[in-house]
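Following: one structure in C-alpha cells, then a few remarks.
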Amino acid sequence: MYRRNPSNSPWLAYIVSVFPFIVFISLWYALYSILQTGQYFNFSTILFLSFLCILVLCGILYFADVLIPKFLIFSIIGAFIVGLVIVSIAVYNYLSSYSFTMQNISRKIWVILGFVVGLAGIMALCMIYFPNWLRNIYNGSMGETMKMWMDNVREDLRMTPTFFYVLLSVILSLLFGYIILTYFFSKNTPIIANLNFNGMRVLKEGQMMLNYEELLATSNDLKVIDPEFAANPFLKIYSISMWLYVNPKDEQLGTVAHDPHEPSLQWMNPTTSPYQSIRETNIFFYGTKQLNENNQWEMIYPKPSVTYTYDYGTKKNMFLVYAFGDEPYKLYLTPQKWHQLVFIFHDNHMDLFVDSELKYSSPMTGAGRMFTDNDMIVIGDTKQTIYGALADVVYYDHTLSKENVLNMWNLQKYTIDTNKT
990 MYRRNPSNSP WLAYIVSVFP FIVFISLWYA LYSILQTGQY FNFSTILFLS FLCILVLCGI
1050 LYFADVLIPK FLIFSIIGAF IVGLVIVSIA VYNYLSSYSF TMQNISRKIW VILGFVVGLA
1110 GIMALCMIYF PNWLRNIYNG SMGETMKMWM DNVREDLRMT PTFFYVLLSV ILSLLFGYII
1170 LTYFFSKNTP IIANLNFNGM RVLKEGQMML NYEELLATSN DLKVIDPEFA ANPFLKIYSI
1230 SMWLYVNPKD EQLGTVAHDP HEPSLQWMNP TTSPYQSIRE TNIFFYGTKQ LNENNQWEMI
1290 YPKPSVTYTY DYGTKKNMFL VYAFGDEPYK LYLTPQKWHQ LVFIFHDNHM DLFVDSELKY
1350 SSPMTGAGRM FTDNDMIVIG DTKQTIYGAL ADVVYYDHTL SKENVLNMWN LQKYTIDTNK
1410 T
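If you want the numbering used here, it's the position in the sequence shown, counting the first as 1, plus 989.
So this is what it looks like as C-alpha cells:
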C-alpha cells in the first residue's frame, strides 16, 4: 500500500480538513441569497463556487499520488449528496412558509440534517448487509479502499501540527459563538429581531386577523441614518410586500355612513376619495396621522394605503389603493384566497404586483411625496372590522425586481386560522 508524506503539504491537509465547514456555511448563505433576491448569481453564490473550486483543487492535489481513481469516486458521491441536499432545501422551502425567521430556519436545518443523517444511515446499512454487492460494484476493492482511506486519515491526524488543531478550534468557537449570539439578540433585542439581510425589515411576522388595529412602524423606523440625508432623512425608494385574505360576512357588506361628529379615525383621504359617504375599512396604511379642522384624527399622504369597501355596482369586494394624493386604483380580489400584494416605489413612480403579476404601473401625478415625523404604518381597523387576515408585512429599503416578486409568490403559502374571528 502506497503512503504519502503529509508533512510535505500541511497547508493542503489543513484546507482539505477545514474547508468543508466553510463550504457548507457558504452554501447556506448562497441558498438564502437566492431565495431572497431571486438571482442565481450574486456575491454569496460566487463565493460558494469559489470556495468549492478551491476545495476540489486542493483535494485533487492532496490525494493525487495514490487515490486518483478512488478520489473521483468519492467526488461523484459527494456531488450527488450535495445535489440531494440542495433539492431537499428547494422542495422544503416550496412546501413551507416563506418566512425567514429563526424558528423556520432552525426547523428546516433540522429536517435537512435529518435527511443527510438518514442518507448516511442507508449507506451504512448497505455497507454492512450488502458487502458482496459493493465489492462487485468496485471490483472487490471497496473494503481495501475504505481501509486505505482510514489509514491515510489516521496518518494525517498524527502528522498534523498542533497549531492547526488550535486554529480549527478557534474557527469552530467563533462560528458557534456567532450562531448563539445572533439567536440570543434576535430573541432579546426588538431592533435586531426586526432587522434582516439585504435591506429588509419584517414589520409583521406571520398572520394577524383584521378585526383589530396594530401599529407596525413609526417615522423613526423608516429614516435613513446618514448625515448626507439630514435635511430629508426619509427613504424615497422602497418596496412593501404583504399577503391578504378576506372573506367578508353578510353583515359586513353594508355601507356605513360616516358621522362627522363621531370621534373616529378616518382611513381615507377626504380630498380625493370618491367614497366620502362610506367609511372604508383600513387594511394597510403608510402615511401621516394629523388632526383636521374638526379636531378629528385623519390619515393623509398615503404611500400607499389599502382600504376595503363593497362595490354594489359590480357586487364584488373592492379594494382601493391610494398613493400620494392620486385617484385610488380599484382592485378586485377573489375572496377566500390568499393574495400577494407588492408595492414598489421609485422616483415618482409606483408599481403594484398582485399574485406576482404587474397590475398597475403609473407615475404619481398627484400631490408631491410628503414624508413627515408623524408618518406611521398601521394595519387593521377597530371601528369597521372585516373578516380576513394580513400576513408577513415586509418593508424593503430598495426596489424589488420582477424575479424577486415571482420568487416570493412561488415559495409562500398560508392557511387561514378560522379560530381567530
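Note that the Cβ used here is the ideal one computed from N, Cα and C, for glycine as well.
Rounded distance between the beta-carbons of residue j and residue i, thought under 8 Å
i, j, result
"V1367", "L1204", "6 Å"
"F1332", "P1293", "5 Å"
"V1310", "I1160", "Wrong, their Cβ atoms sit about 51 Å apart, outside the cutoff."
"M1197", "A1378", "6 Å"
"F1037", "F1223", "In fact, because the Cβ distance is near 36 Å, the residues do not count as touching under 8 Å."
"S1208", "D1362", "5 Å"
"L1050", "V1012", "Incorrect: roughly 17 Å between the Cβ atoms, too far for contact."
"L952", "L1233", "Outside the shown range of the chain, which is 990 to 1410, sits residue 952, and nothing can be said about it."
"Y1297", "V1235", "7 Å"
"L1157", "I1272", "Not a contact, Cβ separation roughly 53 Å."
"K1269", "Q1279", "Here residue 1269 is Glu; the residue named in the question, Lys, does not match the sequence. With a Cβ gap of about 18 Å, E1269 and Q1279 do not count as contacting."
"D1344", "H1328", "6 Å"
Outcome for residue i when other beta-carbon atoms lying within 10 angstroms are tallied against a minimum of 16
i, result
"E1392", "exposed"
"V1155", "exposed"
"P1324", "exposed"
"S1228", "buried"
"I1035", "exposed"
"T1178", "Low confidence applies here, because T1178 scores a pLDDT of 40, under 50, leaving its location unreliable and the question unanswered by this model."
"V1142", "exposed"
"E1346", "exposed"
"G1166", "exposed"
"T1371", "exposed"
"S1033", "buried"
"N1283", "exposed"
"E1316", "exposed"
"I1226", "exposed"
"T1277", "buried"
"Y1321", "exposed"
"I1180", "Only weak support exists for where I1180 lies, its pLDDT of 39 falling under 50; the coordinates are left without a value."
"P1291", "buried"
"K1193", "buried"
"G1302", "exposed"
"N1306", "buried"
"S1351", "exposed"
"L1146", "exposed"
"L1389", "buried"
"W1000", "exposed"
"D1364", "buried"
"F1308", "buried"
"S1162", "exposed"
"N1396", "buried"
"F1030", "exposed"
"K1176", "Summary for K1176: the model assigns pLDDT 47, below 50, so the residue's position carries little reliability, and this model does not support an answer."
"F1334", "buried"
Sheet register partners of residue i (DSSP bridge)
i, result
"V1159", "Bridge partners of V1159: none, in fact."
"M1198", "A1378"
"N1031", "For N1031, which the question treats as bridged, DSSP gives no partner whatsoever."
"W1232", "Q1329 and A1380"
"V1142", "In DSSP, V1142 forms no bridge with anything."
"E1269", "Beta-bridge pairing links E1269 to no other residue."
"E1346", "V1343"
"T1491", "Residue coverage of the chain in this structure runs from 990 to 1410, which leaves residue 1491 outside it and unanswerable."
"E1203", "I1368"
"N1351", "Looking at the sequence itself, residue 1351 is Ser, so the reference to Asn does not match. Answer is M1339."
"D1300", "K1305"
"K1319", "L1309"
"Y1385", "M1189 and S1228"
"S1294", "F1274 and Y1311"
"F1334", "Y1227 and M1339"
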